[in-house]
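Working notes, beginning with the structure itself.
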Amino acid sequence: MEGIRTDMNTTQAAIIQLLQSYIGNKDKKVIFPQQVDWKEVCDVAVKHNIAGMLYAVIKKNSGIQKPEESVLKKLQTHFYGAISHSTEQDREMLQVEERLRQNKIIHVLMKGYILKQCYPIPELRTMGDVDFLIRKEDRYRTHQELLNLGFTCTCEKGFVWCYQKGNTNLEVHSRIIAQKVGRV
4 MEGIRTDMNT TQAAIIQLLQ SYIGNKDKKV IFPQQVDWKE VCDVAVKHNI AGMLYAVIKK
64 NSGIQKPEES VLKKLQTHFY GAISHSTEQD REMLQVEERL RQNKIIHVLM KGYILKQCYP
124 IPELRTMGDV DFLIRKEDRY RTHQELLNLG FTCTCEKGFV WCYQKGNTNL EVHSRIIAQK
184 VGRV
């Protein structure tokens, strides 16, 4: 198994090979172990929210051993679920960003929501919530606008307030770091 660490089991090696192919690592040929436990690959992929990515690679790459139909169906379900969830999140975030702009509330999207644009299929970059930063003095205006958009505030303590609407969860930060850095 060229390019694969020898201390990995076959499930880990197969997942790494599939992910390398997903991110477009064209320098490495996809070389699978002889025996792949596809059910275990699927279980690990679901646990780590990468099942949709693996499905995309498996469907696209004809040169790899295919999983049994029941496993492929489960991966496919997660593929379409990830796309559906991402589409809903994107739709909600367009409304949130537009409302914040209309009310001149300065905000910065952070973390996964921005990073997903670096993925070959951004919709498959799953995340539990969308994080964004606002100014402390805009906290209550932001809160009111999110409520007006139909979000429910689930936590309003400290520097991070949480909101939920359907399958979209927001974390609204008024600080990037919760504690002062470099101070005793």
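Counting from 1, position 160 in the sequence shown corresponds to residue 163 in the working numbering; the numbering is continuous, with no gaps. Here a beta-carbon is modelled for each residue, glycine too, at the ideal position from N, C-alpha and C. Fair warning: this is a prediction, and the values are worked out from it, not measured in the lab.
Do you know whose CA, among N106, T171 and G84, lies nearest D132's CA?
Stepping through the sequence shown from its first residue, residue 132 is reached at position 129. Of the candidates N106, T171 and G84, the one whose C-alpha sits nearest the C-alpha of D132 is T171.
Go ahead and label P70 buried or exposed: buried means 16 or more other beta carbons lie within 10 angstroms of its beta carbon, across all protein chains shown.
For this step, residue 70 is matched to residue 67 along the sequence shown. That one is buried.
Pull up the DSSP beta-bridge partners for V111, would you.
The residue given as residue 111 occupies position 108 in the sequence shown. Note: V111 sits in a beta bridge opposite L136.
Using 8 Å as the cut-off, can you tell me whether the stretch 73-83 makes contact with the stretch 107-114, which would need three or more C-beta pairs spanning the two stretches below that distance?
No, because fewer than three Cβ pairs between the stretch 73-83 and the stretch 107-114 fall closer than 8 Å, the two stretches do not touch.
What first and last residue would you give for the alpha helix (DSSP H) that runs through N189?
This structure leaves residue 189 out entirely; the chain is present only between 4 and 187.
Assign V39 to one of three DSSP states: helix, strand, or coil.
Position 36 of the sequence shown, counting from 1, holds the residue named residue 39. It is coil, neither helix nor strand.
By how many angstroms is the C-alpha of E174 removed from the C-alpha of E1?
Residue 1 lies beyond the residue range present for the chain, which begins at 4 and ends at 187; the question has no answer from this structure.
Would you mind giving the Cβ-Cβ distance between A59 and Y25, rounded to the nearest angstrom? I have them listed as a contact below 8 Å.
Reading the sequence shown from its first residue, position 56 is the one you call residue 59. Reading the sequence shown from its first residue, position 22 is the one you call residue 25. Contact holds; Cβ gap of about 7 Å.
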